[in-house]
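Working notes for the structure below.
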Amino acid sequence: MIRRAFVFVAALALFPALASATPACDGSGENLMQWPENNPVWEFCWLRPDDSSGPRGSGLELRDVYYNDILVMKRAHAPMLNVEYDAGGCGCYRDWSYAENDIRADNQVSPGFFEPTFDAETVCDNSTSDSSPVGDCPWGGAGPCNEGVAANSYAERLVMTTQYQAGWYRYTMRWIFHLDGRIEPQFGFGTANTSCSAATHRHHNYWRIDFDINGAADDQVAQVGGDSPGVFSTEQDRTWANGATWEITDQTTGRGYRLVPGEQDRRLPADGYSKTDFMASLYKSTELQDNDQGIGDCDVEVEDIVDGEGINGVDVVAWYRGGVQDVVSSDMYRCKTVGPTLVPIGDWSRPPVFEDSFESGDTAAWSSTVN
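Numbering-wise (my numbering), the sequence shown opens with residue 832 and increments by one.
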């Protein structure tokens, strides 16, 4: 076991979040993840989709995310999801994100949690045809097929996978954590059958990420590149035109994360329906989505979230949209995956510590405690 003691008392003031770096994970549905097992760099609580928060759920939800004993995010999830059809299609829907669907995963550790001996699979991983849907698990062979969350550990990354359904759609949600501090939220839009396949349509998923780097206060959001770069003084919604990225930093320590749009994301820019690609808003405990909550309230009302409040030096929430288009007689049934890369900026190394022992081991090892 490693015992840590701060070299200087002043370190406690500089790094206040380190006093209790391991999250408690004692809330309803919360489960503790620590990776790698020996001297973990990532520690956080996770919730499976059917335990996730929000009026329509929010998929594989994360809470109290720490990297190198430093708080990164208070909560990260995807509480808004919709689909819009062209004329002759099925209309427009605000989908739900809590109804779990089978993934292919073995080695159950506890109910609904798996440490597979192979890469966990979803509909998206098996949707290779443009002309026909792949159906549900199993795909091309034996299962096992199970609902819940799977965690695959590799030498340099941890991959957490789940799948949920809304009608004929199968949505894959993954969080990938790298040893170097990068995070990749991924969302895949899959189709299990031929329902509502008569018209081209667009899907959109909206992540909500409450960065609380070293605590909730002193956040700063800035756009780098694109149109209107610079620090945001009030709530803003933006597109990723001209190569824009966004940075959320803690003004006290200079630590932060840069949101870099993925290649697939840029293929479907914001339009009259999706309206925006990125939003920065003042944190409100009850603002987990816009004010529309019914299945027919499909388009996201940006003005419910971005309404001119000041956000420089306070607790700020970042929203990010990833969207795809499924085209009739082209690529209707091929799963497409979206998501940004979250890249750490600043010094994320652990503060100086005394260590009286050291345990070494395979960095691919990891541990999880499930409630």
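Note that the Cβ used here is the ideal one computed from N, Cα and C, for glycine as well.
Cross-strand partners of N983 (DSSP beta bridge): V990
Roughly how many angstroms lie between the CA atoms of E987 and D967, to the nearest whole one? Rounded to whole angstroms, E987 and D967 show a C-alpha spacing of 30 Å.
If the criterion is Cβ atoms closer than 8 Å, does the pair R1030 and A918 meet it? Checking the sequence shown, residue 1030 turns out to be Ala, not Arg. Yes, they are a contact pair.
Hey, would you say G1127 sits closer than 8 Å to N1036, going by beta carbons? If you check the CB distance, G1127 and N1036 do not come in under 8 Å.
P1175 (DSSP reduced to helix, strand or coil): Looking at P1175 - three-state DSSP - the assignment turns out to be strand.
Between the CA atoms of P1100 and F1063 - distance to the nearest angstrom: Each residue's Cα considered, the two are about 22 Å apart.
Kindly list the residues whose CB is nearer than 6 Å to the CB of V1131, restricted to its own chain and excluding five residues on each side of it in sequence; keep chain order. Taken in chain order, the residues that qualify are M911, D1121.
Who are M1110's beta bridge partners in DSSP? D1068, W1150
May I ask you to list the residues that DSSP assigns as paired with F944? S941, V980
To the nearest angstrom, report how far apart I1040 and S1026 are at their CA atoms. Between I1040 and S1026, the C-alpha separation is close to 33 Å.
If we call anything under 8 Å between Cβ atoms a contact, is G1074 one with G1056? Note that the C-beta distance between G1074 and G1056 is below 8 Å.
Enumerate in chain order the residues of its own chain whose CB-to-CB distance from L893 is below 6 Å, with the five nearest sequence positions on each side excluded. F875, W877, A907
DSSP on S851, reduced to helix/strand/coil? Only weak support is given to the placement of S851: the predicted model assigns it a pLDDT of 48, under 50, and the value that follows is read from those uncertain coordinates. Residue state, collapsed to three classes: helix.
Can you have a look at K1167 and say buried or exposed, based on whether 16 or more other CB atoms are within 10 angstroms of its CB? buried
Residue nearest to P1092 in terms of C-alpha spacing, selected from N862, T1065, Q1054: Q1054
What's the call for E931, buried or exposed, on a 16-neighbour Cβ count within 10 Å? That one is buried.
Classify E1134 as helix, strand or coil using the three-state DSSP reduction. Three-state DSSP puts E1134 in a helix.
Using the C-alpha atoms, what's the distance from N899 back to P1182? 9 Å
Cα-Cα separation between D1043 and A973, rounded to whole angstroms: The alpha-carbon of D1043 is positioned some 43 Å away from that of A973.
Integer Cβ distance of D937 from P880, believed to fall under 8 Å: Actually they do not touch by this definition, with Cβ atoms about 20 Å apart.
Would you give the residue range spanned by the beta strand (DSSP E) that V1055 belongs to? 1050-1055
Where P867 falls, given that 16 or more other Cβ within 10 Å makes a residue buried: buried
Going straight from the alpha carbon of P886 to that of Q1124, what length do you get? 7 Å
Alpha carbon to alpha carbon, how far is V1133 from G1103? Give it in angstroms, no decimals. 12 Å
E1066 vs V1137 beta-carbon contact at 8 Å: The Cβ atoms of E1066 and V1137 sit closer than 8 Å to each other.
Determine which residues share a DSSP beta bridge with I1142 and list them. Paired residue(s): none; I1142 is not in a bridge.
I'd like to know whether the C-beta of W877 is nearer than 8 Å to at least one C-beta of chain C. This model lacks chain C altogether, as it is built from one protein chain only.
If we call anything under 8 Å between Cβ atoms a contact, is E1015 one with G1170? Inclusion of E1015 and G1170 in the CB contact set at 8 Å is warranted, their separation being smaller than that value.
Rounded to the nearest angstrom, how far is the Cβ of V954 from that of R1005, given a contact under 8 Å? Going by Cβ atoms, the distance from V954 to R1005 rounds to 13 Å, so no, they are not a contact pair.
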